[in-house]
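Residue numbers (my numbering): 47 to 305.
Here a beta-carbon is modelled for each residue, glycine too, at the ideal position from N, C-alpha and C.
Structure, as structure tokens:
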Ligand code: 8X3
């Protein structure tokens with residue numbers, strides 16, 4: 047029988063990137079409820095401050111720190127605020143466009159690589175010494191099922207998410223023997239307020255079509271739940287990779303739609 051995970055010591059800090067909405071915000075709420083002092087980072091200061099207030103009002107610990115994960119200088123400065131960190135959740139990122147390879151915008155591809163891969167690299171490099179200093183750290187990479195197989199119109203995003211997947215797999219090899227786990231959570235179809243809308247530059251109709259007829263796409267809370275579960279396993283248990291999809295989605299290209 048697995049040993050129950052001990053609740054984290056009150057000083058344990060969990061840093062969540064992209065905490066202003068969706069999976070990041072839900073993860074911050076759930077990790078705070080699990081006993082972590084959460085540090086919310088995102089570019090949108092007002093959003094993370096409001097969320098930190100909400101979490102504090104619920105009796106948990108939260109602080110907001112505005113941060114652009116692609117700004118390495120700012121990330122290094124952020125890292126100086128901590129002596130040790132228990133958990134880093136690399137969630138910031140997202141998709142831009144769904145054009146075929148033949149016509150995709152190279153700038154979208156670059157931006158996706160920057161936010162998803164370099165953003166994760168920046169935070170992981172800057173905080174790894176702090177995670178190690180905690181004696182039991184966890185790096186979570188929130189990738190995607192797009193990091194494991196491709197689909198038409200997805201190449202720019204798929205390439206970036208494959209990059210994140212490779213980062214997680216390689217880091218796990220490189221730091222084995224040190225007290226830091228590397229966990230990858232790869233969600234499939236998750237209906238959040240912003241993911242599809244951002245992908246389609248605010249086009250509500252195109253965004254709505256992503257989920258059309260799907261009885262129950264995953265919610266941000268479903269994914270936050272899997273992240274929190276993985277993080278709160280006993281320290282010797284490393285959940286390498288969790289693939290999470292709604293029941294209606296058998297693969298990136300096989301989705302059951304009603305009507
Ligand atoms: C989101 C999954 O199918 O839109 O990461 O690429 S998908």
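- For ligand 1, a non-hydrogen atom lies closer than 7 Å to the CB of residue 200.
- Take the alpha-carbon of residue 246 and the one of residue 194: they are about 22 Å apart.
- The beta carbon of residue 99 lies closer than 7 Å to none in the same chain, with the five residues before and after it left out.
- Membership of residue 183 in the beta strand (DSSP E) is indicated by the continuous run 183 to 188.
- Within 7 Å of the C-beta of residue 203 there is at least one heavy atom belonging to ligand 1.
- Put simply, the backbone Cα of residue 154 is about 12 Å away from that of residue 162.
- Residue 168: member of the alpha helix (DSSP H) spanning 165 to 179, first to last residue.
- Annotation for residue 63 indicates a beta carbon at 7 Å or more from all heavy atoms of ligand 1.
- Relative to ligand 1, even the nearest heavy atom lies 7 Å or more away from the CB of residue 137.
- Remark: the shortest separation between the CB of residue 191 and any heavy atom of ligand 1 falls under 7 Å.
- Taking the Cβ of residue 235 as the reference point, at least one heavy atom of ligand 1 falls within a distance shorter than 7 Å.
- Taking C-alpha positions only, residue 146 is separated from residue 300 by approximately 19 Å.
- Judged by DSSP secondary structure, residue 109 falls within the beta strand (DSSP E) whose first and last residues are 107 to 112.
- DSSP places residue 76 in the uninterrupted alpha helix (DSSP H) bounded by 68 to 79.
- Beta-bridge annotation (DSSP): residue 297 is paired with 300.
- A distance below 8 Å separates the beta carbons of residue 110 and residue 95.
- Residue state for residue 233 is assigned as strand, using DSSP reduced to three classes.
- Here the alpha carbons of residue 103 and residue 190 stand approximately 32 Å from one another.
- Linking residue 66 to residue 115 through their CA atoms gives a straight-line distance of about 13 Å.
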